[in-house]
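The opening residue of the sequence shown carries number 40 in this note's numbering; numbering runs sequentially from there.
Notes to accompany the following structure.
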Amino acid sequence: MWHMAIRGERVDEDVAHAPQVPLDGRDAALLLVPLLALTALYCLPDALVRPLALSHLNPEPWSFYTAHFVHFSRGHFLNDAAAYLLLAPTAYLLFTWADDRAFFRRAFLTVLLAFPVALSAVGLALPRRVVTYGFSGLAMALFGLVGVAAFRYLETCPGDIDLGHAPGLFFAATTAIPLLVLPHTPTAMALTAASALPTAYYTRSTVRALPRDARQSIVHRPGAAELPGFAAFLVLASPFAAFPPNPFAGAVTVDIFLHFVGFALGFLVPYTALVTRKCARLSRESG
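In structure tokens, the structure reads:
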């Protein structure tokens, strides 16, 4: 279990596959820098790193950003590093196969540069006598980005799947959260039912948007179904990693509030940006 601790631009069918695109040197550096930063900070003595964590009683300006890259235990660091290694390359590959690496760079930099401050500010809005640190709020944002990336790629495949179907994956993932956080309560059942209804609608719409011949075309194209399927699995599994039934059971407390905010931001911000870009393009073409 990893945690933040408390203390339609469619392309031609002949290119709608999983191309072998070499890794750009700039992108390799972009993907490596966060991992190197996490590792470097973890290797420093605790006395040097402790001021970088975010104290809600006496927050320092720099800690709004640095707290998200701080870890004090090996397990905490390894869990967050593993999540990063799983999620960032998956999102990169999907956007690359969709021929949209430029958007990945912008979205990824937004997660790394803007989201830490936003998450810290949201966390401080709750009156708590705590110290927060850890990468998992940003990891949850990467889960959301992976979900958007999957549908951005599927938009380039045969059939009528586009970004408009992506909210189904978001709602499906959030369906399990109330049951995990508030098990056996009427509130959990009501929230789960509220998420289940749009999930069912979007799932049916997505299946209907993919004709049988298109499904067969995707399934027989190497990588075309496996990676989006894996991405969907990651998103659907994320609540079970980030929302334990008892967030106070471990050595540190899991910040389930920031986990949800991170996931929501990670999905909604790039999704809104892509939909806005698509609408602007259609408006220019129709004008």
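Glycine included, every Cβ here is placed at the ideal spot set by N, Cα and C.
For residue i: DSSP bridge partner residues
i	result
valine 170	Ser94
valine 156	Paired residue(s): none; valine 156 is not in a bridge.
Outcome for residue i when other beta-carbon atoms lying within 10 angstroms are tallied against a minimum of 16
i	result
tyrosine 240	exposed
leucine 117	exposed
glycine 64	exposed
aspartate 252	In this prediction, aspartate 252 has a pLDDT of 49, which is less than 50 and means its spatial position is unreliable; what the coordinates show is noted afterwards. It is exposed - the Cβ of aspartate 252 has fewer than 16 other Cβ atoms within 10 Å.
glutamate 324	exposed
serine 391	There is simply no residue 391 to check, as the chain begins at 40 and stops at 326 in what is shown.
alanine 335	Here the chain comprises residues numbered 40 to 326, so residue 335 is not present and cannot be evaluated.
proline 166	exposed
phenylalanine 302	buried
valine 308	buried
histidine 223	exposed
threonine 195	buried
alanine 68	exposed
tryptophan 136	buried
alanine 229	exposed
aspartate 53	Note that aspartate 53 scores a pLDDT of 43, beneath 50, so its modelled location is shaky; the value from the coordinates is reported in the next line. Aspartate 53 should be labelled exposed.
alanine 141	exposed
valine 185	buried
threonine 78	exposed
arginine 320	exposed
threonine 226	exposed
leucine 304	buried
CA nearest to the CA of residue i, picked from the options
i	options	result
aspartate 66	Ala146, Tyr104 and Arg113	Ala146
proline 284	Arg243, Leu125, Leu219 and Tyr81	Leu219
glycine 183	Thr195, Phe143 and Arg167	Phe143
glycine 207	Phe306, Ala127 and Tyr123	Phe306
alanine 280	Val169, Ala264, Ile216 and Arg320	Ile216
tyrosine 104	Pro155, Ala68 and Phe282	Pro155
threonine 129	Val169, Arg243 and Leu70	Leu70
phenylalanine 299	Cys318, Pro278 and Ala92	Pro278
alanine 180	Thr242, Ala248 and Leu126	Leu126
arginine 168	Leu93, Cys82, Ser244 and Ala106	Leu93
tyrosine 310	Ala121, Leu62 and Thr149	Thr149
phenylalanine 282	Thr245, Ser244, Leu221 and Cys318	Leu221
tryptophan 25	Tyr131, Ala157 and Thr238	The structure shown does not extend to residue 25, since the chain is modelled only from 40 to 326, so the question has no answer here.
proline 197	Val246, Thr242 and Thr238	Val246
tyrosine 123	Cys318, Asp139, Ala106 and Leu151	Leu151
leucine 133	Leu62, Pro237 and Val170	Leu62
Q.
Ignoring anything shorter than 4 residues, give me the alpha helix (DSSP H) runs that lie fully in the segment 192-235, in order along the chain.
A. 206-220
**Q.** the segment 189-196 contacting the segment 166-177, beta-carbon criterion three pairs below 8 Å
**A.** no
(Q) Below 8 Å, how does it come out for the segment 90-104 and the segment 64-74: are there three or more Cβ pairs, yes or no? (A) Per the Cβ contact rule, the segment 90-104 is not in contact with the segment 64-74 (fewer than 3 Cβ pairs under 8 Å).
Q) Contact between the segment 190-210 and the segment 309-320: three or more CB pairs below 8 Å? A) yes
Q: Please confirm if the segment 230-248 is in contact with the segment 264-281, defined as three or more CB-CB distances below 8 Å between the two stretches.
A: no
Q) Does the segment 272-284 touch the segment 211-230, meaning 3 or more C-beta pairs lie closer than 8 Å? A) yes
(Q) Under 8 Å: do the segment 145-164 and the segment 294-301 share three or more Cβ pairs, one atom per stretch? (A) yes
Q) Would you call the segment 80-88 and the segment 102-115 in contact, with 3 or more CB pairs under 8 Å? A) Touching, yes, given that three or more Cβ pairs across the two stretches are closer than 8 Å.
Q | Contiguous beta strand (DSSP E) assignments of at least 3 residues, all confined to the segment 105-138 | A | Counting only runs of 3 or more, we get nothing.
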